[in-house]
Amino acid sequence: MVYMNKKFSISLLSLCIGLSSAISFSADARDITIYYTNDLHAHVTPEIIPYVSKTRPVGGFAPISKIVKDAKAKEKDVFFFDAGDYFTGPFISTLTKGEAIIDILNTMPYDAVSVGNHEFDHGHENLVKQLSKLQFPVLLDNVFYSGTDTPLIKEPYTIVEKDGFKIGVIGMHGVSAFYEAIAAGVREGVDCRDPIPYVKKQLEELKGKVDLTVLLAHEGVPGMQSSAGEADVARALKTDVDMAKSLEGYGLNVLITGHAHKGTPEPIKVGDTLVVSTDAYTIELGKLVLDWNPETQKVDSYNGKLITMYADTYKPDPVTQAKIDEWDNKVKKITDEVVAHSPEVLTRSYGESAPTGNLITDALMATVPGADAAFYNAGGIRTELPKGNITYGD
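Have a look at this one:
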């Protein structure tokens, strides 16, 4: 009987030691938080976006800035990335050739960004000039000066470290998104090459140097402006899913993508890679939390979501907002000039004839006397024109 008690005591002690080890291991686990954006398109201030809400303004750079700044102030393992197309949209970008957007982005806590097709809208020389002013890494590994091996952007990847945890971040641009979405005149002098060999090369170089890898991609086929009602987001992001499949075995953990304007309500898992994106226009801020196992050096579990940026819920960061206000005031003299009047709202449509499209093509016909027809891409019409006075800013 005494022997049995001793045996029971030893077993109980072993159990306690086991539990203690489990508790200790759990305490060593890390939650890695990645915030992300894509296709911001210079929507620096909240606005009514009808397919999100007809009554509640949504979006803006300053509320996003505040959420991430607050998170970084409270937690150590917080990262923030963007997958390109921060230029072009409202006049604050177009009138300044992106300079205002760069100035505003520098007030935000980004750790790295990649490059989208709209950063080329004023030519690749302007792209290099403006992006060189950013105070965080700009990454692009597969766009080169024509006929050379000289990259347009010097850094193909970077390593971001927080409290000893290292993420290798790579930037790339899709070939079709480059040649189909960038006008020939503004991309003259630069070439986009198949990104897969270059991304594989960067992943190989990062092996053993980092704990996690992230690819910032701008690729795929642009669709409608929201995933609202989209039953199969993975189908809309097929290019990114295929990219993740082609990189299986190379150690890619997260693929943050832009260009398709299709948000992922939850991450798309492709092998060991998580594919995520937002709907664009600062409608959402993406958040991905990874449960990192330091013992296995792998992600045990994850949780991803899109935070809809309602202006009545999320307050602006004062520093970012001040910079936005500064630039708004600079361009206001130009944008407030009344240039036309309309008795009706001039709407747009992607799949049928619409007043705004007709107005643009009529203007093209008037500009080129003797033309038999005029064509304009529906995707390039990004907003409606209001009833009443129409300003240069409209």
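FYI, the numbering for the sequence shown is -29 to -1, 1 to 365, going by mature numbering (1 follows the signal peptide of the UniProt record, and there is no 0). Yeah, the Cβ is synthetic: ideal placement off N, Cα and C, and Gly gets one too.
Assign residue i to one of three DSSP states: helix, strand, or coil.
i, result
"Tyr128", "strand"
"Lys209", "helix"
"Phe32", "helix"
"Pro80", "coil"
"Ala345", "coil"
"Tyr273", "strand"
"Tyr150", "helix"
"Met280", "coil"
"Asp41", "helix"
"Leu177", "helix"
"Gly139", "strand"
"His189", "strand"
"Leu356", "strand"
"Gly350", "helix"
"Ser64", "helix"
"Asn329", "helix"
"Ser258", "Per the sequence shown, the amino acid found at residue 258 is Lys instead of Ser. Lys258 falls in the strand class under three-state DSSP."
Suppose the cutoff is 7 Å on Cβ atoms and the five residues either side in sequence are ignored; what does the same chain contact list for residue i look like?
i, result
"Ile254", "Ile20, Val23, Val29, Gly30, Thr279, Met280"
"Asp211", "Ala188, Glu190, Gly191, Leu226, Thr228, Val246"
"Arg353", "Gly60"
What residue range is occupied by the uninterrupted beta strand (DSSP E) comprising residue i?
i, result
"Ile227", "225 to 229"
"Arg1", "1 to 8"
"Tyr321", "Element bounds for Tyr321: n/a, residue is neither H nor E."
"Asn360", "359 to 362"
"Val241", "239 to 241"
"Thr244", "244 to 247"
"Phe52", "49 to 53"
"Tyr116", "114 to 116"
"Ala13", "Ala13 -> no beta strand (DSSP E), and no H or E assigned at all."
"Val310", "309 to 313"
Can you list, in chain order, the residues of its chain whose CB lies under 8 Å from that of residue i, leaving out five sequence neighbours each side?
i, result
"Gly350", "Pro193, Tyr321"
"Gln196", "With a pLDDT of 42 at Gln196, under the threshold of 50, the modelled position of that residue is not reliable, and the figure given next carries that caveat. Once the five neighbours on either side are set aside, the close Cβ partners of Gln196 are Tyr22, His232, Asp250, Ala251, Tyr252."
Using a Cβ-based criterion (distance less than 6 Å to any ligand heavy atom), does residue i qualify as near the ligand ZN?
i, result
"Phe115", "This structure does not include the ligand ZN; it has no bound ligands of any sort."
Got a sec, what are the start and stop residues for the alpha helix (DSSP H) residue i sits in?
i, result
"Thr306", "289 to 306"
"Val157", "155 to 158"
"His95", "95 to 102"
Count the other CB atoms, across all protein chains shown, that sit within 10 Å of the CB of residue i; report buried if there are 16 or more and exposed otherwise.
i, result
"Lys25", "exposed"
"Gly179", "exposed"
"Tyr116", "exposed"
"Pro340", "exposed"
"Asn300", "exposed"
"His312", "exposed"
"Val114", "buried"
"Pro258", "Note that residue 258 is Lys in the sequence shown, not Pro. Classification for Lys258: buried."
"Glu176", "exposed"
"Val316", "exposed"
Please return the same chain residues whose Cβ sits closer than 6 Å to the Cβ of residue i, not counting the five positions on each side in sequence.
i, result
"His89", "Asp56, Phe58, Thr59"
"Ser(-9)", "The predicted model places Ser(-9) with a pLDDT of 32, which falls under 50 and marks its position as unreliable; any figure quoted below should be read in that light. So the list is empty, once near-sequence residues are dropped."
"Lys68", "His93, Asn97"
"Val260", "Asp2, Thr4, Asn274"
"Ala199", "Confidence at Ala199 is low in this model, with a pLDDT of 45, below 50, so the placement of that residue is unreliable and no value is reported for it."
"Phe51", "Tyr6, Val39, Pro80, Tyr81, Asp82"
"Asn77", "Gln106"
"Val309", "Asn360, Thr362"
"Thr244", "Ala215, Leu223, Leu226"
"Phe276", "The sequence given here places Lys at residue 276; Phe does not occur at that position. For Lys276, where only same-chain residues beyond five positions count, the Cβ hits under 6 Å are Lys258."
"Ala345", "Thr332, Leu335, Met336"
Select from the options the residue whose C-alpha is nearest the C-alpha of residue i.
i, options, result
"Lys47", "Leu218, Lys171, Ile3", "Ile3"
"Lys171", "Met214, Ala152, Thr210, Phe149", "Met214"
"Pro122", "Ser147, Val109, Pro314, Asn77", "Val109"
"Ala83", "Gly359, Lys304, Thr184", "Thr184"
"Glu237", "Asp120, Leu208, Leu186", "Leu208"
"Asp134", "Asp120, Asp182, Ala148", "Asp182"
Would residue i pass as an interface residue toward chain D - the criterion being a Cβ-Cβ separation below 7 Å?
i, result
"Leu98", "Chain labels in this structure do not include chain D; a single protein chain is all it has."
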